[in-house]
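Residue numbers (mature numbering (1 follows the signal peptide of the UniProt record, and there is no 0)): -18 to -1, 1 to 453.
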């Protein structure tokens, strides 16, 4: 590891000081899934061959065997794409006729080369496949065709019959910003027609008026800080994903995102907790492991630590390079697989790279969280966490309460926790206090009785003296 790697650290030192830390993941969209509604299209397919054509008859036979006869009621198709690869299944079974199988390896390699070339150019269609099948047969055709149609089945079907998928999306009113990746979410069914050359392809996709496009990003924890003698790390539990819309550049939180082809499909986060109002989100406390807490953000690691330094190692430098932790105690770490950083405390902790280049980016934390103000707040927080399966272990909760300790700002809360947390000791102290109180009360009454007796005796003597003077 040379000096240039160390310079990367300092050059980026001033570039990542912002309250919000995100890691770009790619392009996609976010929507409210409750606003989805079906849009369907039907393609009438007429094969340009005679009814007794070998491929047409095979396709017709397999379609009938699959019980997809056209005689049906008009209805909305709701068949998941992964469950039925309609045309793929039909085509793969075309060459099942054992009488026409040619097992010649040379012929197979020749067919494979032709198919791969057609796949590269995107020119595989019915006419070319029909010619190839008529010229030669092989038992491994089903394997080759399965490989071709296995990635985006519906797109393969459309291109096979010389239909432009983009034009279909436009006709249905779908945005084409994601290209043909949108077809991966479509449901479709391939129906048999009136004869061997007539078929019907019904396709349905979800349209959504709330759909917004932009850059999908992973969101780092917000407001993180070490609390309770730096044994725990507290932060806002914001949604993991956010989309920066390309039109207004606003941030929209997403509760889930899944990759569709090369793009992302995300569902909007509902409720008051979102990236713009993160203070409405629940907070989480994560146990620090020897002064270090980490979060995985794709191929990036967010590191929060109270340590002052660490060492960076690589295959080219086994001795390591000394590095200083930024003042905020937070930084992002990206590195190739042969790089790792090491913290040496009571234990040795190593964190390996998962990226193709070395980047170390310090980040700042503006809205830092602190300890809970009272024991009651801590207990209420843990009750909420327990309901969502993120509560603390009982021993950890006791540890935190112990660190919270007595607060003169909230003496009643501290007293209530003391009584609740130390029932036996509190009972013993209460018993001793009660005995002391009874003893003091007894002493007080005794003193009062003596006082009154003394006053009474003095009063009688004065009366006797007055009567003697009168006599």
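Idealized CB from N, CA, C, for every residue including glycine. Model, not experiment: these values are computed from the prediction.
Annotation note: the region 305 to 372 contains the following uninterrupted beta strand (DSSP E) runs of length 3 or greater, listed N- to C-terminal: 312 to 316, 321 to 326, 330 to 334 and 341 to 344.
Contact fails between the region 354 to 361 and the region 317 to 333, because fewer than three Cβ pairs, one in each stretch, are under 8 Å apart. Per the Cβ contact rule, the region 3 to 13 is in contact with the region 235 to 254 (3 or more Cβ pairs under 8 Å). Around the beta carbon of residue 282, 16 or more other beta carbons sit within 10 angstroms, so the residue counts as buried. Scanning its chain for C-beta atoms nearer than 8 Å, with the 5 sequence neighbours on each side dropped, one finds around residue 370 the residues 264, in chain order. Residue environment analysis places residue 306 among the exposed positions, since fewer than 16 neighbouring C-beta atoms fall within 10 angstroms of its C-beta. Following the DSSP letters along the chain, one finds residue 382 inside the alpha helix (DSSP H) bounded by residues 376 to 386.
When rounded, the separation of the alpha-carbon atoms in residue 327 and residue 225 is 38 Å.
Non-local beta-carbon contacts of residue 304 in its own chain, meaning distances under 7 Å to residues more than five positions away in sequence, involve 291 and 293 in chain order. If you compare the alpha carbons of 34, 140, 43 and 300 with that of residue 26, the shortest gap goes to 140. In the DSSP assignment, residue 6 falls within the unbroken beta strand (DSSP E) covering 4 to 13.
Contact between residue 212 and residue 270 holds: CB atoms are separated by about 7 Å, below the 8 Å threshold. The three-state secondary structure of residue 42, taken from DSSP, is helix. Counting along the chain, residue 234 sits inside the beta strand (DSSP E) bounded by residues 233 to 242.
With respect to the 9 Å criterion, residue 159 and residue 195 are classified as neighbours on the basis of their beta carbons. Secondary structure at residue 269: strand, using DSSP grouped into helix, strand and coil.
A distance of 9 Å or more separates the beta carbons of residue 223 and residue 206.
Residue 376 sits exposed, since fewer than 16 C-beta atoms from the chains shown fall within 10 Å of its C-beta. In the three-state reduction of the DSSP assignment, residue 166 falls in the helix class, which pools H, G and I.
For the pair residue 259 and residue 393, the Cα-to-Cα distance works out to about 33 Å.
The alpha carbon of residue 257 has as its nearest neighbour, out of 250, 234 and 267, the alpha carbon of 234.
For residue 199, same chain residues with a beta-carbon under 8 Å away, outside a window of 5 residues either side, are 4, 5, 6, 7, 223, 224, 225 and 226 in chain order. Just so you know, the alpha carbons of residue 231 and residue 255 end up roughly 19 Å apart. When secondary structure is reduced to three states using DSSP, residue 427 falls in the helix class.
Of the residues assessed, residue 335 falls on the buried side of the cut-off, its CB having 16 or more other CB atoms within 10 angstroms. Residue 162 and residue 360 have their C-alpha atoms spaced approximately 51 Å apart.
For residue 180, the beta-bridge partners assigned by DSSP are 28.
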